[in-house]
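Participant: Protein chains in written order, with full-length UniProt numbering: chain A, 1 to 202; chain B, 1 to 202. Just so you know, even glycine gets a beta-carbon here, dropped at the ideal spot from N, CA and C. Predicted, not measured: the structure shown is a model, and the values here were computed from it.
2 protein chains.
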Amino acid sequence: MHERGMLIVLSGPSGVGKGTVRQAMLQDDFRDFQYSVSMTTRKPRPGEKDGIDYYFRTKEQFEQEIADGQMLEYAKYVDNYYGTPLKYVNQTLDAGRDVLLEIEVKGAMQVRAKCPDGVFIFLTPPDLVALKHRLVGRGTDDIATINKRIQQAAQEIKMMENYDYAVVNDEVPLAVKRIERIIESEHLRVPRVIDKYRNMVN
Amino acid sequence: MHERGMLIVLSGPSGVGKGTVRQAMLQDDFRDFQYSVSMTTRKPRPGEKDGIDYYFRTKEQFEQEIADGQMLEYAKYVDNYYGTPLKYVNQTLDAGRDVLLEIEVKGAMQVRAKCPDGVFIFLTPPDLVALKHRLVGRGTDDIATINKRIQQAAQEIKMMENYDYAVVNDEVPLAVKRIERIIESEHLRVPRVIDKYRNMVN
Numbered sequence: 001m002h003e004r005g006m007l008i009v010l011s012g013p014s015g016v017g018k019g020t021v022r023q024a025m026l027q028d029d030f031r032d033f034q035y036s037v038s039m040t041t042r043k044p045r046p047g048e049k050d051g052i053d054y055y056f057r058t059k060e061q062f063e064q065e066i067a068d069g070q071m072l073e074y075a076k077y078v079d080n081y082y083g084t085p086l087k088y089v090n091q092t093l094d095a096g097r098d099v100l101l102e103i104e105v106k107g108a109m110q111v112r113a114k115c116p117d118g119v120f121i122f123l124t125p126p127d128l129v130a131l132k133h134r135l136v137g138r139g140t141d142d143i144a145t146i147n148k149r150i151q152q153a154a155q156e157i158k159m160m161e162n163y164d165y166a167v168v169n170d171e172v173p174l175a176v177k178r179i180e181r182i183i184e185s186e187h188l189r190v191p192r193v194i195d196k197y198r199n200m201v202n
Numbered sequence: 001m002h003e004r005g006m007l008i009v010l011s012g013p014s015g016v017g018k019g020t021v022r023q024a025m026l027q028d029d030f031r032d033f034q035y036s037v038s039m040t041t042r043k044p045r046p047g048e049k050d051g052i053d054y055y056f057r058t059k060e061q062f063e064q065e066i067a068d069g070q071m072l073e074y075a076k077y078v079d080n081y082y083g084t085p086l087k088y089v090n091q092t093l094d095a096g097r098d099v100l101l102e103i104e105v106k107g108a109m110q111v112r113a114k115c116p117d118g119v120f121i122f123l124t125p126p127d128l129v130a131l132k133h134r135l136v137g138r139g140t141d142d143i144a145t146i147n148k149r150i151q152q153a154a155q156e157i158k159m160m161e162n163y164d165y166a167v168v169n170d171e172v173p174l175a176v177k178r179i180e181r182i183i184e185s186e187h188l189r190v191p192r193v194i195d196k197y198r199n200m201v202n
């Protein structure tokens, strides 16, 4: 009998750098978890591979997965579905290995409802000005889009109260270290280990 | 306005090595907290100094502190009182600095009732055999006393469920590192930082 793995959910407002932090975590030596590849209906970008960057599916296939109850969470952004297939997550957790999800705020709340013992980490910009600069720096959006995104981010920061931890993404290596410490500490939380100790005394 | 400090309570069964871990934490570079010196009615051992190792008081003085509501927690062991003066703890927390208490299980439960937002860490032996060896290694107790202590430890391990974290004291430097990570992670918990972020958005 091994312990069940821990579900780690990394989320946060649009533009905060979730993907960058996640990629840095995957490259770090610490990396004692499996990353759960998301499913999407958007077209692959150059270099992206099915099953590695995303599971690329048609709209019809994705909607069938939803209908079959096979999605842990999903949401639609700009006419495309994004979501987390349930099966891989459960198999990995059952094998005693931690699973990392990097998902949007709406999806994270769906996971919270289904997996209350997960670790929910909210990645946050140092302040909204930094978020604005980052969005402008991308150079892909006009001012109206940027302002809309900032208002959305303010709303999403209010959603922080549904998370366990808030990690500032001031510098990616620092954010990664904070998240790794959270993962280590969470493994020491009494509700996660009490049964092991009860067995030790008996 | 600075944030209030965090109360860190290190406890665990008799003989597990709480004092050794605490001393190692005080000598570590991390040491971003104040240690709260306990008060006792036992006599100073050679080399122990009042206000550093303990506040040494008479039985009458200690009982007056209890009567005046000046003790955060206290207990009587082998005819001597041990406890934590409330004033220093509150002053340090109000100044925005973390406070470390290293206390017995009974005292920790008194603190838990008064300070539910503290971080309660239970130091535990790798197994009861290790505890037994450690007690025998001390060479100060007979077999009956040792067996009694082990039964007591089994009871105290059951008390682990009242703590937030369980840290195995297999090696002191490892235990210290685990506790330091817990302290760092706890500072990122949403209920501790949400107000700061609410202010940021407004």
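Please confirm if the region 8-23 of chain A is in contact with the region 44-59 of chain A, defined as three or more CB-CB distances below 8 angstroms between the two stretches.
Facilitator: no
Participant: Would you check if the region 16-33 of chain A and the region 177-187 of chain A touch, i.e. whether three or more CB-CB distances between them fall below 8 angstroms?
Facilitator: Cβ pair count under 8 angstroms is three or more, so yes.
Participant: Quick check on this structure: which residue in A:Arg42, A:Pro46, A:Thr124 and A:Gly51 has the alpha carbon closest to the alpha carbon of Val168 of chain A?
Facilitator: A:Thr124
Participant: Since Gly96 of chain B and Glu3 of chain B should fall inside the 8 angstroms C-beta cutoff, what is the C-beta to C-beta distance between them, to a whole number of angstroms?
Facilitator: 6 angstroms
Participant: Tell me, please, whether the CB atom of Val105 of chain A is closer than 8 angstroms to any CB atom in chain B?
Facilitator: no
Participant: Hey, out of A:Asp117, A:Pro191 and A:Leu100, whose CA is closest to Val21 of chain A's CA?
Facilitator: A:Leu100
Participant: Going by beta carbon distance, what residues of the same chain come within less than 8 angstroms of Gln70 of chain A, once the five residues before and after it are set aside?
Facilitator: Pro85, Leu86 and Lys87
Participant: Going by the beta-carbon positions, is the gap between Asp164 of chain B and Arg189 of chain A smaller than 8 angstroms?
Facilitator: The answer is yes: Cβ separation under 8 angstroms.
Participant: Can you give the Cα-Cα distance for Thr145 of chain A and Pro126 of chain A, rounded to whole angstroms?
Facilitator: 21 angstroms
Participant: Return the CA-CA distance between Lys43 of chain A and Phe62 of chain A, expressed in angstroms with no decimal places.
Facilitator: 13 angstroms
Participant: Can you give the Cα-Cα distance for Ile182 of chain B and Arg181 of chain A, rounded to whole angstroms?
Facilitator: 8 angstroms
Participant: At what residues does the alpha helix (DSSP H) containing Thr41 of chain A begin and finish?
Facilitator: Here Thr41 of chain A belongs to no alpha helix (DSSP H), and DSSP marks it neither H nor E.
Participant: Within the 8 angstroms Cβ cut-off, does Ala108 of chain A reach chain B?
Facilitator: no
Participant: Would DSSP call Val111 of chain B helix, strand or coil?
Facilitator: helix
Participant: Using a Cβ-Cβ cutoff of 7 angstroms, what residues of the region 160-193 of chain A are near chain B? List them in chain order.
Facilitator: Met160, Glu161, Tyr163, Asp164, Tyr165, Ala166, Val167, Arg178, Arg181, Ile182, Glu184, Ser185, Leu188, Arg189, Val190 and Val193
Participant: Within 8 angstroms of any Cβ in chain B, is that where the Cβ of Tyr197 of chain A sits?
Facilitator: yes
Participant: Would you verify that the beta carbon of Met1 of chain A is, or is not, closer than 8 angstroms to some beta carbon of chain B?
Facilitator: Here Met1 of chain A scores only 48 on pLDDT, less than 50, and its place in the model is too uncertain to base an answer on.
Participant: Name the chain A residues that come within less than 7 angstroms of Thr124 of chain B, Cβ to Cβ?
Facilitator: Here the neighbours are Tyr197.
Participant: Using a 10 Å radius around the Cβ and a threshold of 16 neighbouring Cβ atoms, would you call residue 267 of chain A buried or exposed?
Facilitator: Outside the shown range of chain A, which is 1 to 202, sits residue 267 of chain A, and nothing can be said about it.
Participant: For Gly17 of chain A, which residues in the same chain have their Cβ closer than 6 angstroms to its Cβ, ignoring the five residues on either side in sequence?
Facilitator: The beta carbon of Gly17 of chain A sits closer than 6 angstroms to those of Asn169, all from its chain and outside the five residues before and after it, given in chain order.
Participant: How would you call Tyr74 of chain A, buried or exposed, if buried means at least 16 neighbouring beta carbons within 10 angstroms?
Facilitator: Looking at its Cβ environment, which holds 16 or more other Cβ atoms inside 10 Å, Tyr74 of chain A is buried.
Participant: Starting from the Cα of Val78 of chain B, find the closest Cα among B:Asn90, B:Ala67 and B:Lys59 and give me that residue.
Facilitator: B:Lys59
Participant: What residue does the alpha helix (DSSP H) around Phe62 of chain B start on, and which one ends it?
Facilitator: Under the DSSP assignment, Phe62 of chain B falls in the alpha helix (DSSP H) whose first and last residues are Lys59 to Ala67.
Participant: Identify whether Met1 of chain A lies in helix, strand or coil by the three-state DSSP scheme.
Facilitator: Legend: pLDDT at Met1 of chain A = 48, less than 50; position of this residue unreliable, value from coordinates given subsequently. For Met1 of chain A, the three-state secondary structure derived from DSSP is coil.
Participant: Any beta-carbon of chain B closer than 8 angstroms to the one on Asp117 of chain A?
Facilitator: no
Participant: Buried or exposed: where does Ala113 of chain B fall if 16 or more other Cβ atoms within 10 Å of its Cβ makes it buried?
Facilitator: exposed
Participant: Taking only three categories from DSSP, how would you classify Met71 of chain B?
Facilitator: If DSSP states are grouped into helix, strand and coil, Met71 of chain B belongs with the strands.
Participant: Rounding to the nearest angstrom, what Cα-Cα distance links Glu48 of chain B and Gly19 of chain B in this structure?
Facilitator: Roughly 14 angstroms separates the two Cα atoms.
Participant: Taking the alpha-carbon of Glu102 of chain B as reference, which of B:Glu184, B:Phe120 and B:Val193 has the nearest alpha-carbon?
Facilitator: B:Phe120
Participant: Could you say which of B:Ala24, B:Asn80, B:Leu72 and B:Asp94 lies nearest to Gly5 of chain B if we only look at CA atoms?
Facilitator: That would be B:Asp94, whose Cα lies nearest to the Cα of Gly5 of chain B.
Participant: Would Ser36 of chain B and Val105 of chain B qualify as a contact pair, given that the criterion is a beta-carbon distance under 8 angstroms?
Facilitator: Going by C-beta atoms, Ser36 of chain B is not nearer than 8 angstroms to Val105 of chain B.
Participant: Write down the C-beta distance between Ala24 of chain B and Val172 of chain B rounded to the nearest angstrom, noting that I regard them as a contact closer than 8 angstroms.
Facilitator: 5 angstroms
Participant: Does the Cβ-Cβ distance between Phe122 of chain B and Ala154 of chain B come in under 8 angstroms?
Facilitator: no
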